[in-house]
Each structure stands twice: as C-alpha cells, then as structure tokens.
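*Asks:* Let me give you the structure first, and then I'll get to my questions.
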Amino acid sequence: MSDPAESVARAPLTIRMQERDNVAIVANHGGLPAGTVLPGGLVLRDKVPQGHKVALVDFARDDAVVRYGIPIGFAVEAIAAGSWVHERLLKMPDARGLDQLPIATVKPAPLPALEGYTFEGYRNANGSVGTRNILAITQTVQCVAGVTDFAVRRIKSELLPLYPHVDDVVALAHGYGCGVAIDAPDAVVPIRTLRNISLNPNFGGEVMVVSLGCEKLQPERLLPPGSFAIVDARQPEGEALDVVCLQDDAHVGFMSMVESILRQARVHLERLNARRRETVPASALVVGVQCGGSDAFSGVTANPAVGFCTDLLVRAGASVMFSETTEVRDGIDQLTARASTPAVAEAMIREMAWYDAYLQRGSADRSANTTPGNKKGGLSNIVEKAMGSIVKSGTAAITGVLAPGEKLQTRGLTYAATPASDFICGTLQLAAGMNLHVFTTGRGTPYGLAECPVIKVATRTDLARRWHDLMDVNAGKIADGTATIEETGWELFHLMLEVASGRKKTWAEHWKLHNALVLFNPAPVT
Ligand code: CA
Numbered sequence: 102m103s104d105p106a107e108s109v110a111r112a113p114l115t116i117r118m119q120e121r122d123n124v125a126i127v128a129n130h131g132g133l134p135a136g137t138v139l140p141g142g143l144v145l146r147d148k149v150p151q152g153h154k155v156a157l158v159d160f161a162r163d164d165a166v167v168r169y170g171i172p173i174g175f176a177v178e179a180i181a182a183g184s185w186v187h188e189r190l191l192k193m194p195d196a197r198g199l200d201q202l203p204i205a206t207v208k209p210a211p212l213p214a215l216e217g218y219t220f221e222g223y224r225n226a227n228g229s230v231g232t233r234n235i236l237a238i239t240q241t242v243q244c245v246a247g248v249t250d251f252a253v254r255r256i257k258s259e260l261l262p263l264y265p266h267v268d269d270v271v272a273l274a275h276g277y278g279c280g281v282a283i284d285a286p287d288a289v290v291p292i293r294t295l296r297n298i299s300l301n302p303n304f305g306g307e308v309m310v311v312s313l314g315c316e317k318l319q320p321e322r323l324l325p326p327g328s329f330a331i332v333d334a335r336q337p338e339g340e341a342l343d344v345v346c347l348q349d350d351a352h353v354g355f356m357s358m359v360e361s362i363l364r365q366a367r368v369h370l371e372r373l374n375a376r377r378r379e380t381v382p383a384s385a386l387v388v389g390v391q392c393g394g395s396d397a398f399s400g401v402t403a404n405p406a407v408g409f410c411t412d413l414l415v416r417a418g419a420s421v422m423f424s425e426t427t428e429v430r431d432g433i434d435q436l437t438a439r440a441s442t443p444a445v446a447e448a449m450i451r452e453m454a455w456y457d458a459y460l461q462r463g464s465a466d467r468s469a470n471t472t473p474g475n476k477k478g479g480l481s482n483i484v485e486k487a488m489g490s491i492v493k494s495g496t497a498a499i500t501g502v503l504a505p506g507e508k509l510q511t512r513g514l515t516y517a518a519t520p521a522s523d524f525i526c527g528t529l530q531l532a533a534g535m536n537l538h539v540f541t542t543g544r545g546t547p548y549g550l551a552e553c554p555v556i557k558v559a560t561r562t563d564l565a566r567r568w569h570d571l572m573d574v575n576a577g578k579i580a581d582g583t584a585t586i587e588e589t590g591w592e593l594f595h596l597m598l599e600v601a602s603g604r605k606k607t608w609a610e611h612w613k614l615h616n617a618l619v620l621f622n623p624a625p626v627t
C-alpha cells in the first residue's frame, strides 16, 4: 500500500481556501524547495515549509494578504509572487470593534433533521446522560488534595474491583478555595465552575465533598442546597451534603481521615455500580470542541471536518459548544451575523467585551495568543488562526451563549465563552456539562481528561503517523486527497457514538492521560 504522505511529497501541492485568496499554503510534507514549479506554473522563489504560505500574486507594500477570503494582514514590503509569506512580512489588521456589528443577519436555514442515531449511555435523573460512570470527589480547597489523592489510590486498588460497573474514581483537584478574594465579583467564575463540574453528567449525581474546615470556600457555599435540584433526584429531600471535613474533631490521625473518605466513597460506589447503559438518542451528546497546538492545516483539514460533524450533531438534536474567545474574537462579525436572535448576538458581544477588558487589565491583547509553535506551523497571527478556528462551529445558527463556568441548558450550537488555554477551556466545558470532547491538533499534544473521553483529531498525516497511538482520527487525509471533509466528518461522528457508548476507548483513555483541571480565576488572589 502506498503511503499517502509520500505520494503527496512527490507532487507539489498547495491549498487555497477561497477564490479570493492571494496566498495558498504548501501541503507537502517537508515543504517545497525554491525553484519548484507549482501546478499553475508559478515558480517558488524561496523554500516554503509545510503549512506556510506562498504568494500567488505580486504584492506592493500595504497590499492586503487574503486567506479564507479576508485580509489576514498587510504586506510590510513588496513581496514577489512565488515568495514565502512569513509572519515578519505581515502587519496584523486592527481588532474589529464591537459596535456596528451585523446582528442575526445570516439567518441560516434550519438544517434537515438527522434521525435514528443512538448510543448507549447512563441516564441521569434530571434527563442528562453520562458517557462514563465515574465517582468524582469534589474538593473545596487545594489543601485537601494530597489526602484525597492518597484516598483515591486506595479506592482504586481496594474498592473499584468490587464495583465492576464503575469506570473510575477521580479527584477533582484544583488550586482554588482559600487565599483568594472570594467576595470579588469575578470570584463567581471559579466557584460556579467547581460547582457545575461536580454536577457533570458523567458523575451520575453522586456528589461527595472533601473539605479542610477553615477554608474560605465552605462546602455550603460551593454547593448550596438549591444546586442539587438541577441535577440530582438521588440526593433525598433535606439530606445534608455529603462532606468529609478533615479538621473534624472525630479525626485522630491521618488514617482516620482516609477511612472516612473510603467509607463515604462506598455509599456512592454502591449506587453508581447499580447503573447500566441504555440506548439513548444521539441528541443526548454534549460535545465540546476545541483545538490546541494549531498549525496552518488546522483550518484546512481537522477543523472543517469537525465543523461538518458539528452540523451533523446539531441536525441530530445534540448540543455542541465552541469556545476559545481569543481565537474567535477576530471573526466576531461572522458570529454575530450567525446568531439566531439579536439577544444571542448581544450576549456574544457582552462576553467578548468582558474578555477585551480582562486582557486590557493585564496589559495584554489578542496578539498574545499565537505561540512560537503556531508560527513555526505557518500561522502568522491571531487573525489567520481565528479564521481556521471558527470553522469548527460548522454552519448552523448559533442559538446559545454561556459565560465562563455556566451550565448548558439548551441544545443546538452554543458559544461557551472560555479562554483558549487547552486546560482552562476543557475545564469550563466540563462545567457546562460536556460528556464528550473533540480536540484538534496540528503540532501535536497528548491532551486528555479523566472526567470525560477526549477524541483527538490530527491535522496532518505526518503527525497521525508519528503519533499513531495518541491520535484517534487523521484529518490529514483531506490534504492528501485520500478523503473528503464530509467523509472525515462522518468518520468522526460514528467514532463519537462508539466512544460515547463505551465500546471504544480513545487513545488518551487507553493510556490514562489526564491533564489537570485548571480553573479560570479572573478575580484577585490575596
Ligand atoms: Ca485551546
């Protein structure tokens, strides 16, 4: 069988996204040397690395360099056709203002319903569905993380074998809870994030808390009685929150604390172990999409395939969240235009304005987003990165907006405002109720979460080949010409149903690659 990556290497291949584009990216593994004659007859003046842009026309100084049909920058000097257009040759366009945006102007036609797709999931009392059956141990403060971790190791070795229908036990460790300005207005973000993660559908409504005792974030503040009503009929009316408090007088010695945690864990494991998977409609999926370690192929292969799959999920009645505020900020006009109502567009603008102010407070701006790896991969700046990032959201009308840490209450396509940081975005999407995560990467990241399966999609065949036991889907086939965006989107959709049903494990699950929960705390630390 011929290797697609090698066959690509033989014939020069460039990819242009839209007719209007005056640059294309080089698809060949290893790039193309100077002197290469492209299919249209253009001769390369420079060596152009894979994923990087080549000038298709002669640019005068200040001419717009157009990709995805929009100016991603302006030439700082004359650039001859066939030259490598790298980031030092581009001046970034000014940020789009948040006034006079198109509001709900696109009005995408409702996509045709996609019926008959199901998966095997764990039904919760509130109607949500888990894709895994996990005991999660909530913590009020970082101080208890070591003790909880010790107890979790014992639960895994001594108790889990007795409860074969429980997939795992996870300590929800974090850095918050004390030494923070807990009454500051923005403290609502980390607090509601922790609360809502505890109520994630993959934990079956079995909330148990380990607390220190003297911390600022007291258990009743983290999980006030009303918060249970959202998710959990298992918590009987009037029953107190299940809290193991380490400073309780009854604890004498470290082992008595550990025994308390194990004793309470048994109660929840017993109930979780009685649960069984049932056939549920695909509409029960709550999918969070994000990207990390992006390259110029992210917006050509993996993200468009995810976008196609997003449309399939929306058609099936499922919930899809796209996020990463700094990576969609430069396409705000596309997003407000796709909002289903003016109220949705206004909510998006509100979240973007909040984030602009947050960045400004820290003397940063959107240009701080792109990494050295992004640039090495061919992404010149945040405008180019944003255009490739937004395509993950597909074509459906945007019907919901969530502020950071809020819980998702609606189906369809939602903009869940989060930072672009992989760990913070994943943490906030978990809080929103995500039961399946899709993550695209071009440079490569081994990212995974203990709380929910993560399906990783490679943007290039070379990455998929080298990281064959870390990447679940190879969208590089799209650049190789061996699969279409639609075929890859369907492949992802079918894989999602398999993974959600527990019939397939993702590579991150196989290796138990678990990144930390990282809270977004925009409030002061004391
Ligand atoms: Ca990210």
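In terms of my numbering, the sequence shown opens at residue 102 and continues consecutively.
Each residue gets a CB set at the ideal place from its N, CA and C atoms; glycine is no exception.
Predicted model only: the values in this text are computed from it and were never measured.
1. Short check: CB of Glu307 to CB of Leu373, under 8 angstroms?
2. Is there contact here, the stretch 175–187 with the stretch 142–153, by at least three beta-carbon pairs under 8 angstroms?
3. Can you give the Cα-Cα distance for Ile362 and Asp349, rounded to whole angstroms?
4. State the Cα-Cα distance for the pair Phe621 and Phe398, rounded to the nearest angstrom.
5. Taking its Cβ as the centre, do 16 or more other Cβ atoms sit within 10 Å of Ala446, making it buried, or is it exposed?
6. If I measure Cβ to Cβ from Asp434 and keep anything under 7 angstroms in the same chain, skipping five residues before and after, which residues do I get?
7. I think Ser312 touches Pro320, with their Cβ atoms under 8 angstroms apart; what is that distance to the nearest whole Å?
8. Can you tell me which of Asp396, Leu537, Val310, Gly280 puts its alpha carbon nearest to the alpha carbon of Gly152?
9. Within the continuous beta strand (DSSP E) that includes His538, where are the two ends?
10. On the DSSP letters alone, give me the boundaries of the beta strand (DSSP E) that Cys410 sits inside.
11. State the DSSP-derived secondary structure class of Val158, mapped to helix, strand or coil.
12. Where the beta carbon is closer than 6 angstroms to any heavy atom of ligand 1, which residues qualify, in chain order?
13. According to the neighbour-count rule (16 or more other Cβ atoms, all chains shown, within 10 Å of its Cβ), is Asp284 buried or exposed?
14. Within a Cβ cutoff of 7 angstroms, which residues of the same chain sit near Ser494, ignoring the five residues on either side of it in sequence?
15. Pull up the distance between the alpha-carbon of Pro623 and that of Leu509, whole angstroms please.
16. In this structure, does DSSP put Asp431 in helix, strand or coil?
17. Let me know the beta strand (DSSP E) ranges lying completely inside the stretch 468–546, each 3 residues or longer, listed in chain order.
18. Helix, strand or coil for Phe621, going by three-state DSSP, please let me know.
19. To which residues of the same chain is Leu370 closer than 7 angstroms at the C-beta, ignoring the five residues directly before and after it?
20. Measure the CB-CB distance between Leu324 and Arg296 and report whether it falls below 8 angstroms.
21. Give the straight-line distance between the Cα atoms of Gln243 and Glu216, rounded to the nearest whole angstrom.
22. Should the stretch 380–391 be called in touch with the stretch 467–487, which here means at least 3 C-beta pairs below 8 angstroms?
*Replies:* In terms of the structure at hand:
1. For the purposes of this step, residue 307 is taken as residue 206 along the sequence shown, with counting starting at 1. For the purposes of this step, residue 373 is taken as residue 272 along the sequence shown, with counting starting at 1. Yes. Within cutoff.
2. Because the criterion of three Cβ pairs below 8 angstroms is met, the stretch 175–187 and the stretch 142–153 touch.
3. Here residue 362 is taken as the residue at index 261 of the sequence shown, counted from 1. Here residue 349 is taken as the residue at index 248 of the sequence shown, counted from 1. If you draw a straight line from the Cα of Ile362 to the Cα of Asp349, it is about 13 angstroms long.
4. As a first step, residue 621 is located in the sequence shown; it is residue number 520 there, counting from the start. As a first step, residue 398 is located in the sequence shown; it is residue number 297 there, counting from the start. Whole-angstrom Cα-Cα distance: 29 angstroms.
5. Reading the sequence shown from its first residue, position 345 is the one you call residue 446. Residue environment: Ala446 is assigned as buried (16 or more neighbouring CB atoms within 10 Å of its CB, all protein chains considered).
6. What you label residue 434 is simply residue 333 of the sequence shown in a count that begins at 1. Closer than 7 angstroms at Cβ, skipping near neighbours: Arg197, Leu202, Pro203.
7. Taking the sequence shown and counting its residues from 1, one reaches residue 312 at position 211. Taking the sequence shown and counting its residues from 1, one reaches residue 320 at position 219. Going by Cβ atoms, the distance from Ser312 to Pro320 rounds to 5 angstroms, so yes, they are a contact pair.
8. Numbered from 1 along the sequence shown, position 51 holds the residue referred to as residue 152. The shortest Cα separation from Gly152 among Asp396, Leu537, Val310, Gly280 belongs to Asp396.
9. Translated into positions along the sequence shown, residue 538 becomes position 437. For His538, the enclosing beta strand (DSSP E) starts and ends at 537–542.
10. The count along the sequence shown starts at 1 and reaches residue 410 at position 309. Segment 403–416 is the alpha helix (DSSP H) holding Cys410; no beta strand (DSSP E) there.
11. The sequence position of residue 158 within the sequence shown is 57, counting from 1. Here DSSP, grouped into helix, strand and coil, assigns Val158 to coil.
12. Ordered along the chain, the selected set is Gln391, Cys392, Gly393, Glu425, Ala521, Asp523, Cys526.
13. In the sequence shown, residue 284 corresponds to position 183, counting from 1. It counts as exposed.
14. The residue given as residue 494 occupies position 393 in the sequence shown. These residues qualify, in order along the chain: Gly408, Thr411, Phe423, Leu514.
15. Against the sequence shown, residue 623 aligns to sequence position 522. Against the sequence shown, residue 509 aligns to sequence position 408. One C-alpha to the other measures close to 21 angstroms.
16. One-based indexing of the sequence shown puts residue 431 at position 330. Asp431 falls in the helix class under three-state DSSP.
17. For the beta strand (DSSP E) assignment, the uninterrupted runs of no fewer than 3 residues enclosed by the stretch 468–546 are, from N- to C-terminal side, 499–503, 513–517, 537–542.
18. Within the sequence shown, residue 621 is the residue found at index 520, counting from 1. Here Phe621 carries a coil assignment [DSSP, helix/strand/coil].
19. For this step, residue 370 is matched to residue 269 along the sequence shown. Cβ neighbours of Leu370 beyond the five flanking positions: Leu236, Leu260, Tyr264, Val267.
20. Reading the sequence shown from its first residue, position 223 is the one you call residue 324. Reading the sequence shown from its first residue, position 195 is the one you call residue 296. Going by C-beta atoms, Leu324 is nearer than 8 angstroms to Arg296.
21. Counting from one through the sequence shown, the residue named residue 243 turns up at place 142. Counting from one through the sequence shown, the residue named residue 216 turns up at place 115. The alpha-carbon atoms of Gln243 and Glu216 are separated by roughly 45 angstroms.
22. Result no; under three Cβ-Cβ pairs closer than 8 angstroms.
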